[in-house]
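Per the working numbering, the sequence shown runs over residues 1 to 285.
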Amino acid sequence: MATLENIENLLTRAKSTAKEKLLEAKQSCNNKLPQDPSFPYKEEFEALPTTMAALMEHSGELQTRIHFMDKGDDQVIKEYEEREKTISKLKADVNNSSSVNKQMEDKMIQLREAWLPPLEELLQGIGVTFGDMFAKMGCAGEIKLDKGGSDEDYDKYGIAILVRFRDNELLQQLTRHTQSGGERALTTAIYLMSLQLRVTSPFRCVDEINQGMDPINERKMFQLLVKVTTDCDNGQYFLLTPKLLSKLDYNPKIMVHTIQNGRTIMNYKKWKLNKFLECARNYTP
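See below:
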(Lines of atoms letter the chains of each structure in order from A and count residues from 1; the text may use other names and numbers.)
(Lines give C-alpha, C1' and ligand atoms only; values in the text may rest on other atoms or scores of the structure.)
Protein backbone atom coordinates (compact mmCIF):
# COMPACT_ATOMS: atom_id res chain seq x y z
CA MET A 1 0.00 0.00 0.00
CA ALA A 2 2.88 2.37 0.74
CA THR A 3 4.29 1.81 -2.70
CA LEU A 4 0.90 2.49 -4.35
CA GLU A 5 0.43 5.67 -2.29
CA ASN A 6 3.86 6.89 -3.33
CA ILE A 7 3.03 6.23 -6.95
CA GLU A 8 -0.24 8.17 -6.63
CA ASN A 9 1.58 11.10 -5.03
CA LEU A 10 4.16 11.09 -7.82
CA LEU A 11 1.38 10.98 -10.40
CA THR A 12 -0.41 13.91 -8.77
CA ARG A 13 2.80 15.97 -8.65
CA ALA A 14 3.55 15.05 -12.26
CA LYS A 15 0.08 16.14 -13.37
CA SER A 16 0.45 19.41 -11.45
CA THR A 17 3.88 20.03 -12.99
CA ALA A 18 2.53 19.22 -16.46
CA LYS A 19 -0.31 21.73 -16.02
CA GLU A 20 2.15 24.41 -14.91
CA LYS A 21 4.42 23.73 -17.88
CA LEU A 22 1.44 23.78 -20.24
CA LEU A 23 0.35 27.13 -18.81
CA GLU A 24 3.88 28.57 -19.21
CA ALA A 25 4.11 27.28 -22.77
CA LYS A 26 0.70 28.69 -23.60
CA GLN A 27 1.55 32.11 -22.16
CA SER A 28 4.75 32.25 -24.22
CA CYS A 29 2.67 31.52 -27.36
CA ASN A 30 0.07 34.30 -26.96
CA ASN A 31 -2.24 31.91 -25.08
CA LYS A 32 -2.51 29.66 -28.13
CA LEU A 33 -2.06 25.88 -28.44
CA PRO A 34 -0.60 24.07 -31.48
CA GLN A 35 -4.06 22.99 -32.60
CA ASP A 36 -5.29 26.60 -32.72
CA PRO A 37 -5.34 28.07 -36.27
CA SER A 38 -3.60 31.24 -35.09
CA PHE A 39 -0.78 29.44 -33.23
CA PRO A 40 2.26 31.76 -33.79
CA TYR A 41 4.94 29.03 -33.96
CA LYS A 42 3.16 26.50 -36.13
CA GLU A 43 6.07 25.88 -38.51
CA GLU A 44 8.63 25.50 -35.69
CA PHE A 45 6.32 23.14 -33.77
CA GLU A 46 5.76 20.91 -36.79
CA ALA A 47 9.56 20.66 -37.24
CA LEU A 48 10.05 19.13 -33.74
CA PRO A 49 10.62 15.35 -33.28
CA THR A 50 7.49 13.27 -32.81
CA THR A 51 8.74 10.75 -30.24
CA MET A 52 9.55 11.40 -26.60
CA ALA A 53 13.10 9.98 -26.88
CA ALA A 54 13.93 12.10 -29.93
CA LEU A 55 12.33 15.14 -28.30
CA MET A 56 14.41 14.71 -25.13
CA GLU A 57 17.56 14.33 -27.22
CA HIS A 58 16.70 17.52 -29.16
CA SER A 59 16.09 19.32 -25.87
CA GLY A 60 19.46 18.19 -24.56
CA GLU A 61 21.21 19.52 -27.66
CA LEU A 62 19.55 22.87 -27.25
CA GLN A 63 20.45 23.05 -23.58
CA THR A 64 24.08 22.30 -24.41
CA ARG A 65 24.15 25.04 -27.06
CA ILE A 66 22.67 27.48 -24.59
CA HIS A 67 25.26 26.49 -21.99
CA PHE A 68 28.16 27.30 -24.32
CA MET A 69 26.64 30.53 -25.63
CA ASP A 70 28.22 33.87 -24.67
CA LYS A 71 26.69 35.04 -21.44
CA GLY A 72 26.65 38.57 -22.81
CA ASP A 73 27.91 41.88 -21.57
CA ASP A 74 26.37 43.27 -18.39
CA GLN A 75 26.20 46.71 -20.03
CA VAL A 76 24.24 45.29 -22.96
CA ILE A 77 21.77 43.68 -20.58
CA LYS A 78 21.45 46.93 -18.65
CA GLU A 79 20.77 48.89 -21.85
CA TYR A 80 18.20 46.32 -22.87
CA GLU A 81 16.37 46.65 -19.57
CA GLU A 82 16.46 50.46 -19.79
CA ARG A 83 15.05 50.34 -23.29
CA GLU A 84 12.29 48.05 -22.10
CA LYS A 85 11.40 50.64 -19.47
CA THR A 86 11.50 53.40 -22.07
CA ILE A 87 9.23 51.42 -24.38
CA SER A 88 6.77 50.84 -21.55
CA LYS A 89 6.75 54.54 -20.71
CA LEU A 90 6.21 55.51 -24.37
CA LYS A 91 3.33 53.07 -24.63
CA ALA A 92 1.74 54.65 -21.58
CA ASP A 93 2.27 58.13 -23.05
CA VAL A 94 0.65 57.03 -26.33
CA ASN A 95 -2.35 55.65 -24.46
CA ASN A 96 -2.67 58.89 -22.48
CA SER A 97 -2.36 60.96 -25.67
CA SER A 98 -5.04 58.86 -27.34
CA SER A 99 -7.34 59.47 -24.39
CA VAL A 100 -6.69 63.24 -24.46
CA ASN A 101 -7.19 63.34 -28.23
CA LYS A 102 -10.50 61.53 -27.86
CA GLN A 103 -11.65 64.04 -25.25
CA MET A 104 -10.60 66.97 -27.46
CA GLU A 105 -12.33 65.43 -30.47
CA ASP A 106 -15.56 64.99 -28.48
CA LYS A 107 -15.32 68.60 -27.28
CA MET A 108 -14.74 69.83 -30.84
CA ILE A 109 -17.77 67.93 -32.09
CA GLN A 110 -19.85 69.39 -29.26
CA LEU A 111 -18.76 72.96 -30.11
CA ARG A 112 -19.31 72.42 -33.84
CA GLU A 113 -22.84 71.17 -33.25
CA ALA A 114 -23.52 74.36 -31.31
CA TRP A 115 -22.70 76.78 -34.16
CA LEU A 116 -22.65 74.92 -37.49
CA PRO A 117 -26.35 73.94 -37.80
CA PRO A 118 -27.56 77.49 -36.94
CA LEU A 119 -25.08 78.91 -39.45
CA GLU A 120 -26.26 76.54 -42.18
CA GLU A 121 -29.88 77.42 -41.37
CA LEU A 122 -29.08 81.14 -41.59
CA LEU A 123 -27.30 80.74 -44.93
CA GLN A 124 -30.19 78.68 -46.25
CA GLY A 125 -32.59 81.52 -45.47
CA ILE A 126 -30.27 84.10 -47.03
CA GLY A 127 -29.88 81.84 -50.07
CA VAL A 128 -33.65 81.59 -50.57
CA THR A 129 -34.01 85.38 -50.54
CA PHE A 130 -30.95 85.78 -52.77
CA GLY A 131 -32.32 83.29 -55.29
CA ASP A 132 -35.78 84.93 -55.33
CA MET A 133 -34.30 88.36 -55.98
CA PHE A 134 -32.13 87.04 -58.79
CA ALA A 135 -35.16 85.32 -60.31
CA LYS A 136 -36.97 88.68 -60.38
CA MET A 137 -34.02 90.03 -62.35
CA GLY A 138 -34.38 87.22 -64.89
CA CYS A 139 -31.18 85.54 -63.61
CA ALA A 140 -30.30 82.78 -61.13
CA GLY A 141 -28.31 82.87 -57.92
CA GLU A 142 -27.36 80.56 -55.09
CA ILE A 143 -25.51 80.86 -51.77
CA LYS A 144 -23.94 77.98 -49.91
CA LEU A 145 -21.35 77.25 -47.24
CA ASP A 146 -17.98 76.39 -48.76
CA LYS A 147 -15.95 74.17 -46.39
CA GLY A 148 -12.83 74.27 -48.54
CA GLY A 149 -12.73 70.50 -49.00
CA SER A 150 -12.40 69.68 -45.28
CA ASP A 151 -15.10 69.63 -42.61
CA GLU A 152 -12.58 70.26 -39.82
CA ASP A 153 -10.35 72.94 -41.40
CA TYR A 154 -12.42 75.90 -40.23
CA ASP A 155 -9.91 78.48 -41.48
CA LYS A 156 -10.96 77.55 -45.03
CA TYR A 157 -14.69 77.97 -44.40
CA GLY A 158 -16.36 80.65 -46.48
CA ILE A 159 -19.51 81.63 -48.34
CA ALA A 160 -19.71 80.65 -52.00
CA ILE A 161 -21.87 82.87 -54.21
CA LEU A 162 -22.92 81.28 -57.50
CA VAL A 163 -24.70 83.25 -60.22
CA ARG A 164 -25.97 82.88 -63.77
CA PHE A 165 -26.85 85.87 -65.94
CA ARG A 166 -27.70 84.12 -69.22
CA ASP A 167 -29.94 81.14 -69.96
CA ASN A 168 -27.23 79.28 -71.86
CA GLU A 169 -24.83 79.35 -68.88
CA LEU A 170 -24.40 77.23 -65.78
CA LEU A 171 -24.17 78.60 -62.27
CA GLN A 172 -20.62 79.88 -61.71
CA GLN A 173 -18.90 81.10 -58.57
CA LEU A 174 -18.60 84.86 -58.35
CA THR A 175 -15.02 85.94 -59.07
CA ARG A 176 -13.38 89.00 -60.56
CA HIS A 177 -12.22 86.88 -63.49
CA THR A 178 -15.53 85.26 -64.48
CA GLN A 179 -18.15 88.01 -64.30
CA SER A 180 -18.05 91.58 -65.57
CA GLY A 181 -17.80 94.55 -63.24
CA GLY A 182 -21.49 95.34 -63.68
CA GLU A 183 -22.48 91.73 -62.92
CA ARG A 184 -20.36 91.69 -59.79
CA ALA A 185 -21.84 95.01 -58.67
CA LEU A 186 -25.37 93.73 -59.18
CA THR A 187 -24.58 90.50 -57.30
CA THR A 188 -23.07 92.45 -54.40
CA ALA A 189 -26.12 94.70 -54.18
CA ILE A 190 -28.53 91.78 -54.14
CA TYR A 191 -26.41 89.91 -51.59
CA LEU A 192 -26.43 92.92 -49.25
CA MET A 193 -30.19 93.23 -49.67
CA SER A 194 -30.57 89.54 -48.79
CA LEU A 195 -28.58 90.18 -45.61
CA GLN A 196 -30.79 93.19 -44.84
CA LEU A 197 -33.75 90.85 -44.26
CA ARG A 198 -31.87 88.27 -42.19
CA VAL A 199 -29.00 89.88 -40.31
CA THR A 200 -29.41 92.86 -38.00
CA SER A 201 -26.90 95.67 -38.53
CA PRO A 202 -27.02 99.36 -37.51
CA PHE A 203 -26.33 100.45 -41.09
CA ARG A 204 -24.94 99.33 -44.41
CA CYS A 205 -23.12 101.52 -46.86
CA VAL A 206 -22.34 100.80 -50.52
CA ASP A 207 -20.38 103.05 -52.84
CA GLU A 208 -21.22 103.36 -56.56
CA ILE A 209 -22.88 99.96 -56.54
CA ASN A 210 -24.85 100.89 -59.64
CA GLN A 211 -21.81 101.81 -61.73
CA GLY A 212 -21.29 99.53 -64.72
CA MET A 213 -24.86 98.22 -64.75
CA ASP A 214 -27.00 98.48 -67.82
CA PRO A 215 -30.05 100.78 -67.34
CA ILE A 216 -32.54 97.89 -67.20
CA ASN A 217 -30.74 96.01 -64.42
CA GLU A 218 -29.98 99.24 -62.59
CA ARG A 219 -33.65 100.17 -62.51
CA LYS A 220 -34.63 96.67 -61.32
CA MET A 221 -31.93 96.73 -58.69
CA PHE A 222 -33.05 100.12 -57.41
CA GLN A 223 -36.67 98.98 -57.19
CA LEU A 224 -35.60 95.94 -55.15
CA LEU A 225 -33.41 98.14 -52.99
CA VAL A 226 -36.25 100.53 -52.21
CA LYS A 227 -38.63 97.70 -51.35
CA VAL A 228 -36.19 95.76 -49.17
CA THR A 229 -34.75 98.69 -47.25
CA THR A 230 -38.05 100.43 -46.57
CA ASP A 231 -40.26 97.40 -45.83
CA CYS A 232 -38.26 96.35 -42.76
CA ASP A 233 -36.86 98.24 -39.78
CA ASN A 234 -33.48 96.54 -39.85
CA GLY A 235 -30.99 99.39 -39.90
CA GLN A 236 -30.18 102.19 -42.32
CA TYR A 237 -28.91 101.75 -45.85
CA PHE A 238 -26.64 104.33 -47.49
CA LEU A 239 -26.20 104.34 -51.26
CA LEU A 240 -23.40 106.59 -52.46
CA THR A 241 -23.45 107.28 -56.20
CA PRO A 242 -22.45 110.09 -58.58
CA LYS A 243 -25.60 109.58 -60.67
CA LEU A 244 -28.99 107.94 -60.73
CA LEU A 245 -31.42 107.13 -63.51
CA SER A 246 -34.32 109.50 -64.05
CA LYS A 247 -37.89 108.68 -63.04
CA LEU A 248 -36.97 106.18 -60.33
CA ASP A 249 -39.55 105.16 -57.72
CA TYR A 250 -39.11 106.74 -54.28
CA ASN A 251 -41.18 106.74 -51.11
CA PRO A 252 -41.37 108.87 -47.94
CA LYS A 253 -38.80 106.66 -46.14
CA ILE A 254 -36.07 107.64 -48.57
CA MET A 255 -33.99 110.73 -47.96
CA VAL A 256 -31.86 112.10 -50.79
CA HIS A 257 -28.77 114.13 -49.91
CA THR A 258 -27.23 116.06 -52.77
CA ILE A 259 -23.64 116.96 -51.94
CA GLN A 260 -22.24 119.89 -53.82
CA ASN A 261 -18.76 121.28 -53.47
CA GLY A 262 -16.42 123.66 -55.29
CA ARG A 263 -15.64 127.35 -55.53
CA THR A 264 -18.28 128.04 -58.19
CA ILE A 265 -21.13 126.54 -56.18
CA MET A 266 -23.64 129.03 -54.75
CA ASN A 267 -23.45 129.48 -51.01
CA TYR A 268 -26.16 127.32 -49.41
CA LYS A 269 -27.33 130.33 -47.39
CA LYS A 270 -28.61 131.86 -50.65
CA TRP A 271 -30.64 128.80 -51.62
CA LYS A 272 -34.39 129.25 -51.87
CA LEU A 273 -35.44 125.96 -50.33
CA ASN A 274 -39.17 126.68 -50.46
CA LYS A 275 -38.95 127.24 -54.21
CA PHE A 276 -37.01 123.96 -54.61
CA LEU A 277 -39.70 122.06 -52.70
CA GLU A 278 -42.48 123.68 -54.71
CA CYS A 279 -40.82 122.63 -57.97
CA ALA A 280 -40.46 119.10 -56.65
CA ARG A 281 -44.13 118.90 -55.69
CA ASN A 282 -45.23 120.18 -59.07
CA TYR A 283 -42.90 117.83 -60.96
CA THR A 284 -44.75 115.38 -63.17
CA PRO A 285 -42.75 112.47 -64.72
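Cβ atoms here follow ideal geometry from the backbone N, Cα and C, with glycine treated the same way.
Rounded to whole angstroms, what is the Cα-Cα separation between residue i and residue j?
{"i": "Glu79", "j": "Asn96", "result": "25 angstroms"}
{"i": "Tyr61", "j": "Thr50", "result": "Reading off the sequence shown, one finds Glu at residue 61, where the question assumed Tyr. If I take the Cα positions, the gap works out to 16 angstroms."}
{"i": "Ser59", "j": "Met104", "result": "55 angstroms"}
{"i": "Val206", "j": "Lys275", "result": "31 angstroms"}
{"i": "Val228", "j": "Asn101", "result": "48 angstroms"}
{"i": "Leu33", "j": "Lys26", "result": "6 angstroms"}
{"i": "Gly127", "j": "Tyr283", "result": "40 angstroms"}
{"i": "Lys85", "j": "Pro40", "result": "25 angstroms"}
{"i": "Gln211", "j": "Glu278", "result": "31 angstroms"}
{"i": "Met221", "j": "Ser194", "result": "12 angstroms"}
{"i": "Asp214", "j": "Gln179", "result": "14 angstroms"}
{"i": "Val256", "j": "Leu248", "result": "12 angstroms"}
{"i": "Leu55", "j": "Leu48", "result": "7 angstroms"}
{"i": "Asn31", "j": "Gln63", "result": "24 angstroms"}
{"i": "Gly262", "j": "Glu113", "result": "57 angstroms"}
{"i": "Pro242", "j": "Met108", "result": "49 angstroms"}
{"i": "Arg281", "j": "Thr264", "result": "28 angstroms"}
{"i": "Leu111", "j": "Gln124", "result": "21 angstroms"}
{"i": "Glu20", "j": "Asp106", "result": "46 angstroms"}
{"i": "Lys272", "j": "Asp233", "result": "33 angstroms"}
{"i": "Leu244", "j": "Asp231", "result": "21 angstroms"}
{"i": "Asn267", "j": "Ala135", "result": "47 angstroms"}
{"i": "Leu11", "j": "Gln35", "result": "26 angstroms"}
{"i": "Met1", "j": "Met52", "result": "Since pLDDT at Met1 reaches only 47, below the 50 mark, its modelled position is unreliable, and no value is offered."}
{"i": "Arg13", "j": "Glu24", "result": "16 angstroms"}
{"i": "Gln196", "j": "Phe130", "result": "11 angstroms"}
{"i": "Leu90", "j": "Ser16", "result": "39 angstroms"}
{"i": "Ser99", "j": "Glu44", "result": "39 angstroms"}
{"i": "Asn9", "j": "Val94", "result": "51 angstroms"}
{"i": "Ile77", "j": "Arg83", "result": "10 angstroms"}
{"i": "Ile254", "j": "Val226", "result": "8 angstroms"}
Would residue i be called buried (16 or more neighbouring beta carbons within 10 Å of its own) or exposed?
{"i": "Ile209", "result": "buried"}
{"i": "Val163", "result": "buried"}
{"i": "Gln223", "result": "exposed"}
{"i": "Gln172", "result": "exposed"}
{"i": "Ile159", "result": "exposed"}
{"i": "Ile143", "result": "buried"}
{"i": "Met133", "result": "buried"}
{"i": "Cys139", "result": "buried"}
{"i": "Gly148", "result": "exposed"}
{"i": "Ile190", "result": "buried"}
{"i": "Gly141", "result": "buried"}
{"i": "Ala185", "result": "buried"}
{"i": "Gln75", "result": "exposed"}
{"i": "Gln260", "result": "exposed"}
{"i": "Asn251", "result": "exposed"}
{"i": "Asn217", "result": "buried"}
{"i": "Leu22", "result": "exposed"}
Got a sec, what are the start and stop residues for the beta strand (DSSP E) residue i sits in?
{"i": "Gly181", "result": "Premise fails: Gly181 lies in the alpha helix (DSSP H), Gly181 to Arg198, not in any beta strand (DSSP E)."}
{"i": "Lys144", "result": "Ala140 to Asp146"}
Counting along the chain, where does the alpha helix (DSSP H) carrying residue i start and finish?
{"i": "Val228", "result": "Pro215 to Asp231"}
{"i": "Leu277", "result": "Leu273 to Asn282"}
{"i": "Glu44", "result": "Lys42 to Glu46"}
Where DSSP assigns a beta bridge to residue i, which residues make up the other side?
{"i": "Val163", "result": "Gly141 and Gln172"}
{"i": "Cys205", "result": "Phe238"}
{"i": "Gly158", "result": "Asp146"}
Contact between the stretch 145-159 and the stretch 233-241: three or more CB pairs below 8 angstroms? Counting Cβ pairs under 8 angstroms, fewer than three are found: no touch.
key: Cβ contact (3+ pairs, closer than 8 angstroms) linking the stretch 118-129 and the stretch 146-153   = These segments do not touch.
TODO: Specify whether the stretch 198-205 and the stretch 166-180 touch according to this definition: at least 3 beta carbon pairs, one from each stretch, less than 8 angstroms apart.
DONE: Contact between the stretch 198-205 and the stretch 166-180 is absent, because fewer than three Cβ pairs lie under 8 angstroms.
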